[in-house]
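The structure appears right after this line, and notes come after that.
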Amino acid sequence: MTMLLRWLRLRSLRSRLLVGVVAVTAAGLLTADVVGVFALSSYLLKRTDTQVADALSSTLHKVRPDGSVQMGQSNDDLCAITVLGADGKVLHQYGAANGLPIPPLTTLTSLQTQHSPVTVSGGDDFRIVVGELPEGRHLMVSQSLRLSAATIYQLVAIEAVVTALALALAAVLALRVSRFVMRPLDRMTDTAELIADGEMSHRVQVDGSPTEVARLGNSLNQMLGRLEHSFTSRQAAEDGLRQFVADASHELRTPLTSITGYAQLVRHGALNDPEALADAMRRVEDEAKRMAALVDELLLLARLDQGRPLESSPVDLVALAETAVGDARAADCARTVRLVADDGDHVVLGDRARLHQLLANLLANVRAHTPPGTPAEVRISRDGEHEVIDVVDEGPGISAEQRDKVFERFFRGDASRSRAVGALADGSGLGLSIVAAIAAAHGGHAGVKPNEHGAWLRVTLPATVAGTAADRALTRQEVPSVL
4 MTMLLRWLRL
14 RSLRSRLLVG
24 VVAVTAAGLL
34 TADVVGVFAL
44 SSYLLKRTDT
54 QVADALSSTL
64 HKVRPDGSVQ
74 MGQSNDDLCA
84 ITVLGADGKV
94 LHQYGAANGL
104 PIPPLTTLTS
114 LQTQHSPVTV
124 SGGDDFRIVV
134 GELPEGRHLM
144 VSQSLRLSAA
154 TIYQLVAIEA
164 VVTALALALA
174 AVLALRVSRF
184 VMRPLDRMTD
194 TAELIADGEM
204 SHRVQVDGSP
214 TEVARLGNSL
224 NQMLGRLEHS
234 FTSRQAAEDG
244 LRQFVADASH
254 ELRTPLTSIT
264 GYAQLVRHGA
274 LNDPEALADA
284 MRRVEDEAKR
294 MAALVDELLL
304 LARLDQGRPL
314 ESSPVDLVAL
324 AETAVGDARA
334 ADCARTVRLV
344 ADDGDHVVLG
354 DRARLHQLLA
364 NLLANVRAHT
374 PPGTPAEVRI
384 SRDGEHEVID
394 VVDEGPGISA
404 EQRDKVFERF
414 FRGDASRSRA
424 VGALADGSGL
434 GLSIVAAIAA
444 AHGGHAGVKP
454 NEHGAWLRVT
464 LPATVAGTAA
474 DRALTRQEVP
484 SVL
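What follows is the structure, given as structure tokens:
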């Protein structure tokens with residue numbers, strides 16, 4: 004038994020199911036076989052006892068005074084009739100009595116008073132019963148148990164064949180059922196092996212049946228979907244981080260190179276002229292400010308990428324746009340910047356400072372990538388459940404190839420969208436990336452609209468329920484308009 008349990012522990016689940024089913028079936032069949040044999044044996048013995056008892060009672064009144072018996076045909080083939088004298092010797096014998104042992108006189112006397120059949124053994128086993136006759140004689144009726152034993156042996160042989168066939172059939176059925184039951188688990192195993200090899204897109208094939216295996220498959224598919232999403236997101240984040248670090252290093256290299264160059268000139272005494280020295284210090288200061296601005300932008304993008312919570316308060320986009328437009332006019336007096344707002348309130352929940360930076364970056368992009376004096380227009384409108392901010396200029400525009408890239412970090416357009424080569428070189432390439440990140444942090448989206456003349460940048464933000472007049476007045480007081 005211990006060896007069987009140890010073997011089962013080492014085998015597969017399919018083998019355990021097969022062995023378990025066959026073992027349970029064998030136990031049931033063997034139990035039924037044993038019960039059947041004992042039941043038949045008991046039945047045959049009782050039937051034999053009834054026959055010899057009936058034969059004894061029917062024969063007692065047929066014995067003649069000389070000890071002979073008037074035999075009938077009904078008993079010829081069933082029982083043997085033996086008449087014994089008072090001394091226990093056989094006087095007359097009828098029927099199949101070959102091999103019948105004659106019990107001793109004392110036993111005959113005891114059986115005569117017992118009136119119940121007993122088994123005696125000779126060549127065969129016999130069932131005998133003894134009755135009392137006049138003058139101390141005895142009448143013994145016997146029946147061989149050979150036919151009963153043959154019947155039992157035949158039953159055992161039939162049961163053995165049937166049991167063997169039943170076990171074979173049970174094994175075949177158990178094997179088929181185990182294969183059917185284990186097929187979904189095999190598919191899960193194959194899928195797990197593929198996923199272990201890096202193929203994260205594979206899923207477990209699940210049928211529509213409400214079985215435990217189907218529920219397990221659905222749960223595994225949900226888990227695999229989350230894992231694939233997590234791995235994909237992590238891979239994308241790692242790729243983005245590597246690209247981001249590489250781009251940031253490249254952007255910081257230029258000002259650092261300039262600062263290092265001027266520092267070496269000063270150290271070697273190459274700048275003896277006070278004006279040249281002052282110009283070098285000014286350039287060093289400009290490059291340091293440029294690096295500081297770049298680092299600030301990188302830190303802002305990092306905070307937005309981490310999903311840190313922003314301040315949330317009602318913000319009037321019209322008032323905010325008035326401030327940004329006023330700042331843009333002050334920064335470039337030669338440029339016409341118009342603000343067009345649809346009727347009604349345009350209020351969103353968000354971080355006022357970040358939304359102001361979003362508008363400022365959009366207008367700074369216009370100044371950086373359009374010729375001097377190019378007019379621009381800021382439009383505030385409502386589109387269903389979204390507030391829309393459009394910044395449109397009449398500059399060179401954005402080519403179709405660049406529309407999907409303008410919001411990428413450190414992306415710079417071609418020289419045709421810059422006022423000068425210097426303007427192109429001074430840009431960090433993070434302005435529109437910050438616009439997209441701020442919009443996403445507010446649940447919105449930034450994109451480029453096709454436009455025949457100039458560039459058209461659009462930002463959509465989730466709108467709130469129209470604010471009250473007091474809310475709008477308060478918002479306008481907090482962000483004064485510069486016109």
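Letter by letter, the sequence shown follows residues 4 to 486 of our numbering. Glycine included, every Cβ here is placed at the ideal spot set by N, Cα and C.
If you check the CB distance, I84 and T112 do not come in under 8 Å.
Around the beta-carbon of P258, 16 or more other beta-carbon atoms lie within 10 Å, marking it buried.
Pairing T109 with Q157, the inter-Cα distance amounts to about 37 Å. Taking a C-beta distance under 8 Å as the contact criterion, E290 and S261 qualify as a contact pair.
Nearest to A266 by C-alpha distance, out of E390, D282, L255, is D282.
Between H95 and G125 a beta carbon distance of about 19 Å is seen, past the 8 Å cut, so the two are scored as non-contacting. T467 sits away from G447, with the two beta carbons spaced by 8 Å or more. Annotation for P277: the continuous alpha helix (DSSP H) segment containing it runs 277-308. Under DSSP, G450 forms a beta bridge with R461. In the DSSP assignment, M143 falls within the unbroken beta strand (DSSP E) covering 141-147. Closest option to A56, judged by alpha-carbon separation, among T34, K92, I131: I131.
Here the segment 374-382 does not lie against the segment 347-354, with fewer than 3 beta-carbon pairs under 8 Å apart.
Comparing alpha carbon positions, the residue from T263, D345, F414 closest to E390 is D345. In the displayed model, A99 falls within coil according to three-state DSSP, outside both helix and strand. Membership of A439 in the alpha helix (DSSP H) is indicated by the continuous run 434-444.
DSSP lists G353 as the bridge partner or partners of S316. Exclusion of the five residues before and after L366 leaves A327, V328, D330, A331, V340, A379, V381, V394 as the residues of its chain whose Cβ lies within less than 8 Å of its Cβ. With fewer than 16 other beta carbons inside 10 angstroms of its own, G201 counts as exposed. In the DSSP annotation of this structure, G39 is not part of any beta strand (DSSP E); the continuous alpha helix (DSSP H) holding it starts and ends at 16-62. The DSSP-derived three-state label of G134 is strand.
DSSP places L81 outside any beta strand (DSSP E), giving it a letter other than H or E.
Nearest to E388 by C-alpha distance, out of M185, S252, G91, P465, is P465.
L244 and A305 have their C-alpha atoms some 10 Å from each other. Linking V38 to S45 through their CA atoms gives a straight-line distance of about 11 Å. Separation of the CB atoms of G400 and A334 is rounded to 22 Å, and the pair is thereby denied contact status at 8 Å. Put simply, the backbone Cα of A99 is about 12 Å away from that of R149.
With respect to the 8 Å criterion, V133 and Q146 are not classified as neighbours on the basis of their beta carbons. A residue is called buried once 16 or more other Cβ atoms fall within 10 Å of its Cβ, and G220 is buried on that count.
Per the coordinates, the alpha-carbon of Q309 lies some 18 Å from the alpha-carbon of L361. With respect to the 8 Å criterion, V123 and P106 are classified as neighbours on the basis of their beta carbons. Under DSSP, H389 takes part in a beta bridge, and its partners are D386, P465.
Shown here, T373 sits in coil according to DSSP, grouped into three states, outside any helix or strand. Under the DSSP definition of a beta bridge, E380 partners with R341, V395. The segment 21-33 makes contact with the segment 174-190: 3 or more CB pairs, one atom from each, lie closer than 8 Å. Under the three-state reduction of DSSP output, F414 falls in the coil class, being neither helix nor strand.
The closest CA to that of L303, considering only R256, V165, R357, is found on R357.
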